[in-house]
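The number in this note's numbering is simply the position in the sequence shown, starting from 1, with 85 added.
Think of the CB as a built atom: it goes at the ideal place given N, C-alpha and C, for glycine as much as any other residue.
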Amino acid sequence: MSIEWKDSYKTNIIEVDTQHQRLFTLMEELDSLYHAHKGSLIKNLSSIRKAVSELEQYTISHFLIEERIMEENNYPDLENHKLQHDKFTDKILEFKEKINNHTENDEATLDENLDHILKFLGTWLTNHIMIKDMDYKPYIKHVL
Ligand SMILES: [Fe+2]
């Protein structure tokens, strides 16, 4: 599956678009690690863990900024949007735990987990941007 940023994902809110692009870059980095080390993922577990952690931390800080922007602009569906962010954050944390607690001898499970994470992340983020983020777009008049 290819994870790449497309111009159609633009909200035209520069701060948001820049962060979304960074999220795609972080996903691409994890995807490249996965494909480059298929068959020897266990050996590369520390760089995989690092990439997952970075993605998790960046996602959380991005969500907070996005929520602040929606709040400042009185976006009416903020609570619902936050709920989606929270569910996604839980999912990433769950994945992170799985990768962090991974035993040092099970290549097949690690492969399966990473494949699952990458598919889930890519699909979720694109859908979320195209549906939920596009929905707040007309409400945003200023970004501090
Ligand atoms: Fe969002």
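Any heavy atom of ligand 1 inside 6 Å of the beta-carbon of K217?
Numbered from 1 along the sequence shown, position 132 holds the residue referred to as residue 217. In this structure, ligand 1 has a non-hydrogen atom nearer than 6 Å to the beta-carbon of K217.
How long is the line joining the alpha carbons of A136 and D116, rounded to whole angstroms? To locate residue 136, count along the sequence shown from 1; it is residue 51. To locate residue 116, count along the sequence shown from 1; it is residue 31. The alpha-carbon atoms of A136 and D116 are separated by roughly 10 Å.
Practice prompt. May I have the straight-line CA-CA distance separating K172 from I145, to the nearest angstrom?
Written response: Working through the sequence shown from its first residue, we reach residue 172 at position 87. Working through the sequence shown from its first residue, we reach residue 145 at position 60. For the pair K172 and I145, the Cα-to-Cα distance works out to about 12 Å.
Return yes when the C-beta of E151 is under 6 Å from any heavy atom of ligand 1, and no when it is not.
Here the question's residue 151 lines up with position 66 in the sequence shown. Correct: E151 has its Cβ closer than 6 Å to ligand 1.
To the nearest angstrom, report how far apart P161 and K181 are at their CA atoms. Counted from its first residue, the sequence shown places residue 161 at position 76. Counted from its first residue, the sequence shown places residue 181 at position 96. For P161 and K181, the gap between their C-alpha atoms comes out near 32 Å.
Exercise. How is the alpha helix (DSSP H) around Y119 delimited, first residue to last?
Worked result: One-based indexing of the sequence shown puts residue 119 at position 34. Residues 99–121.
- [ ] May I have a chain-ordered list of the beta strand (DSSP E) segments no shorter than 3 residues that lie completely inside the region 190–223?
- [x] Correct list: empty.
Point to revise | Candidates H213, G207, A193, I150: closest to E114 by CA position | key: In the sequence shown, the residue the question calls residue 114 occupies position 29. That would be G207, whose Cα lies nearest to the Cα of E114.
Quick one: residues in its chain with C-beta nearer than 8 Å to the C-beta of M112, no 5 flanking neighbours on either side, listed in chain order? Taking the first residue of the sequence shown as position 1, residue 112 is located at position 27. Around M112: I88, L140, L203, L206, G207, L210.
Subject >> D102 beta carbon less than 7 Å from that of T110 >> reply: Residue numbering aside, residue 110 sits at position 25 when the sequence shown is read from its first letter. Residue numbering aside, residue 102 sits at position 17 when the sequence shown is read from its first letter. No, the Cβ-Cβ distance between T110 and D102 is not below 7 Å.
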